[in-house]
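Take a look at the structure set out below.
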Amino acid sequence: MPRRRLMSMVATVSVVVAGVAAALLPMTASNAAEACVAAYSSSAVYTGNQRASYNSHNWTAKWWTQGEAPSTGGSGVWADNGACGGGGTTTPPGGTCSYPSWVAGQFYAAGSIVKYTNGQYYQASHENPGYDPVISTWYWSPYTCSGGGTTTPPPTGSGNFPVSEAQFNQMFPSRIGFYSYAGLIDAIKKFPAFTTTGSDTVKKQEAAAFLANVNHESGGLVYVEEINQANWPLYCDRSQSYGCPAGQNAYHGRGPIQLSWNFNYKAAGDALGIDLLNNPDRVKNETSVAYQTAIWYWMTQRGPGTMTPHDAMVNSRGFGETIRSINGSLECNGGNPAQVQSRVDAYNRFAGILGVTPGANLYC
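Spelled out as C-alpha cells, the structure:
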C-alpha cells in the first residue's frame, strides 16, 4: 500500500460529524479596551490567526481569506475578538508601490507583494521559496497599483465555478449539511486556476472529474472521517522530524478527499496557512477547510501518479490519470477494477449533468 495515498474507507458504522465551532471571545472590560490592530483591507490576504480591525472590533482569521469583510456570518472565517479603541476604520488603507524587490531563493508567505526585475509587481498566491513570478504562475499572480495608491487584487476565480448549486445538489442528493455548496465556493477562492483553465469544455470536465473523485472518496459527500477506525493508527510516519504531535491516531482520512498521513496534514496546512499538523480535526469541523484540503491535493499533489489531477485534466491526459494520482496501483493496472468503474460511472454522470462530453482515457 503506497504510504502517501489518500485513503477512502466506506463501512457500515455511523459517523458523528462535529459542527463548526466558531469560538467567539466574550466581551469584557479588558478586551473592549484593546487597541485596534491594523485596519482590514479587502485586497489583503489573511491566513490563520492573522488579525484585522473592522467596525471598531478586532477580528482573527481562522484560515486563508481574501475579500471577505469581517463578520460573524458568511463562511465563518472570522472570529470576533471584541470591541477595540483607537481606530478601527472600515476603509482599507490605500496600497502603495513601495514593495521590496523579488529575491530568488527567499521564502515568501502567501499574500507577499514584490517588485520583479521587469518592473512589474506580483503577489504570492501561495507560499513559496522564491520561485520566479513569471514562470511559477501557480505561486504568483500579477499585482497592479494605480493612481492614488489604490490596488487591484488578483482575481480569485471563485465566480467562475462551472457547477451551479442546483447541479451540485443533483450530483449529491444524499450529501450531509456539512458539505455545503457555499463552503465549496469559499474554498475555491484560494485556488484561482481550479476549473478556470482552458476551454469551457475542459473547465466543466475538470469540475466533473474533481467532484466524481470526491463522490467516491466521501461516499457521495456523506462521510467526513474514515469509517474504519482500525486504520487510524497507521497514518503516523514517525520518520518525519515533526512526528505526530496530535497523537498516533490523529492523521486518518478526513474531508471530501480523505486527507491522510501526518506529512499530508503538515504540507496542506503549510500551503493553506493553517496548522493542521497540530489541529487535524479542523478538516472535519470546518467546511471550507475540508474542501480546501481536497482542492489543495487536486492542484498540487501527484500522489502515486506522475502529475497532479488538475494537470491531467487540463492537458488532456484524461480522467483515468486523476485516479492514478489519487490511488495509484491500489486501483489502476487491474488493482481494483470495480473501484475504478465506480469513479468512471460518477464522472460520466456528472459530465452529463454539466452537458459536456467526458473525453477519452477514462480508465487507468
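Mapping of the sequence shown onto mature numbering (1 follows the signal peptide of the UniProt record, and there is no 0): residues -32 to -1, 1 to 332, in sequence order.
Idealized CB from N, CA, C, for every residue including glycine.
From a predicted model like this one, the values you see are computed outputs, not experimental measurements.
According to the DSSP assignment, V82 belongs to the beta strand (DSSP E) that extends over I81 to K83.
If only uninterrupted alpha helix (DSSP H) runs of at least 4 residues are considered, those enclosed by the segment 207 to 294 are 230 to 240, 250 to 253, 255 to 268 and 277 to 282. Taken in chain order, the complete alpha helix (DSSP H) segments of 4 or more residues contained in the segment 145 to 212 are 149 to 156 and 168 to 186. Taking all protein chains in view, the Cβ of G211 is surrounded by fewer than 16 other Cβ atoms within 10 Å, so the residue is classified as exposed. Residues G286 and G288 of the same chain have their beta carbon placed closer than 6 Å to that of N329, with the five preceding and five following residues left out of the count. With respect to the 8 Å criterion, A218 and W264 are not classified as neighbours on the basis of their beta carbons.
Taking every protein chain shown into account, the CB of R292 has 16 or more other CB atoms within 10 angstroms, so this residue is buried. G73 sits close to G98, with the two beta carbons spaced by under 8 Å.
Between the C-alpha atoms of D100 and T268 there is a straight-line separation of about 17 Å. Under the DSSP assignment, S310 falls in the alpha helix (DSSP H) whose first and last residues are P305 to L322. In the DSSP assignment, G53 forms a beta bridge with A3.
Taking the Cβ atoms as the reference, W266 lies roughly 7 Å from T276, within the contact range of under 8 Å. Using a Cβ distance threshold of 8 Å, S93 and S109 count as a contacting pair.
Non-local beta-carbon contacts of P38 in its own chain, meaning distances under 8 Å to residues more than five positions away in sequence, involve Y8, A20, Y22, N23, H25, W27, W46 and D48 in chain order.
V71 has its alpha-carbon roughly 42 Å from the corresponding atom of S186.
Here G221 is buried. Its C-beta has 16 or more other C-beta atoms within 10 Å.
When the five nearest sequence neighbours on each side are left out, the beta carbons in the same chain lying within less than 6 Å of the beta carbon of Q18 are those of A29, in order along the chain. In the assembly as shown, T325 is an exposed residue. Its beta-carbon has fewer than 16 other beta-carbons within 10 Å.
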